[in-house]
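Novice: Have a look at the structure that comes next, please.
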Amino acid sequence: MCGTVRILLVPRKQFCAFIESLPPGAIASLELFVEGGDWSSRGTRNDCLESSSGSTLSAPTWLKLAELQNAKGNWDLNANLAKLFEIQLKQLRSLQPVSWPAPATTKMASTVWATALSLAYLSLRAMDAANEWSLLANKARSWLVDQAREFEKDPTIIKQLCEQLQTLAENVIKME
């Protein structure tokens with residue numbers, strides 16, 4: 008099965024992961040056109056294989072954060088996330104609110120806190136790449152709204168809760 012595949016505007020790391028997953032000879036020719044990044048105007052299968060066997064690609068922090076995101080759109084509060092934020096996990100846990108912001112009194116899950124922190128990190132530390140991470144952030148925001156919707160039905164209050172939570176998370180990320 009030979010053919011030509013064109014992939015447009017794909018981060019190099021994702022492109023290489025896709026290419027490396029294919030059996031040899033599955034694609035006769037590859038062309039990659041990227042806006043910016045570390046490719047000139049074209050990348051090939053050999054470029055990926057050479058870079059993966061030699062030096063490690065240094066992914067932007069937002070991409071590392073994207074790799075930690077769960078399929079539902081949330082993040083887990085764990086050592087990998089803390090390392091990425093360069094904040095001790097113990098400190099992140101100690102700064103986690105017990106409950107959602109007022110008027111809610113519902114206990115806050117660590118995944119809610121981790122997701123708010125991740126969104127805060129993106130908005131404060133990776134604004135220059137906002138176009139690249141906007142979809143994963145939208146998914147995370149939707150997940151947060153769904154969590155708030157479990158105990159609050161008023162959309163206005165849900166929005167306020169998520170905004171207040173975001174402010175708390177931004178304050179933690181700014182402390183770093």
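8 is the number of the first residue of the sequence shown in my numbering; add one for each residue after it. Think of the CB as a built atom: it goes at the ideal place given N, C-alpha and C, for glycine as much as any other residue. All of these numbers come straight from a predicted model, not from anything done at the bench.
Taking Cβ positions, are Thr122 and Asn87 nearer each other than 8 Å?
Specialist: One-based indexing of the sequence shown puts residue 122 at position 115. One-based indexing of the sequence shown puts residue 87 at position 80. Against a cut-off of 8 Å, the Cβ pair of Asn87 and Thr122 comes out as no contact.
Novice: Within the chosen definition, does the region 163 to 177 reach the region 108 to 128 through at least 3 CB pairs nearer than 8 Å?
Specialist: With a cut-off of 8 Å, the region 108 to 128 and the region 163 to 177 count as touching, because enough Cβ pairs lie within range.
Novice: For Gln95, which residues from the same chain have a beta carbon less than 7 Å from its beta carbon, with the 5 sequence-adjacent residues on both sides left out?
Specialist: Translated into the one-based positions of the sequence shown, residue 95 becomes position 88. Here the set comprises Ala89.
Novice: From which residue to which residue does the alpha helix (DSSP H) around Thr68 run?
Specialist: As a first step, residue 68 must be located in the sequence shown, where it is residue number 61. Per DSSP, Thr68 belongs to the alpha helix (DSSP H) from Thr68 to Leu75.
Novice: Hey, quick one: how far does the alpha helix (DSSP H) through Val152 stretch, first residue to last?
Specialist: The sequence position of residue 152 within the sequence shown is 145, counting from 1. Its alpha helix (DSSP H) spans residues Ala137 to Arg156.
Novice: So, helix, strand or coil for Lys166, using DSSP?
Specialist: By 1-based counting over the sequence shown, the position of residue 166 is 159. Helix at Lys166.
Novice: Assign Leu142 to buried or exposed, taking buried as 16 or more other Cβ atoms, counted over all protein chains shown, within 10 Å of its Cβ.
Specialist: On the sequence shown, residue 142 is found 135 positions in, with the first residue counted as 1. Classification of Leu142: exposed, given that the 10 Å Cβ count is below 16.
Novice: If you follow the alpha helix (DSSP H) that Leu126 is part of, which residue opens it and which one closes it?
Specialist: Sequence index remark: in the sequence shown, residue 126 carries index 119 (1-based). It spans Ser117 to Arg132 - the alpha helix (DSSP H) in which Leu126 sits, taken as one unbroken run.
Novice: Is it buried or exposed for Ile164, if we count other Cβ within 10 angstroms and need 16 for buried?
Specialist: Residue numbering aside, residue 164 sits at position 157 when the sequence shown is read from its first letter. Label assigned to Ile164: exposed.
Novice: With a threshold of 8 Å, are at least 3 pairs of Cβ atoms found where one atom belongs to the region 96 to 106 and the other to the region 139 to 159?
Specialist: These segments do not touch.
Novice: Whole angstroms are fine: how far does the CA of Leu70 sit from the CA of Val152?
Specialist: Translated into the one-based positions of the sequence shown, residue 152 becomes position 145. Translated into the one-based positions of the sequence shown, residue 70 becomes position 63. Straight-line Cα distance between these residues: approximately 23 Å.
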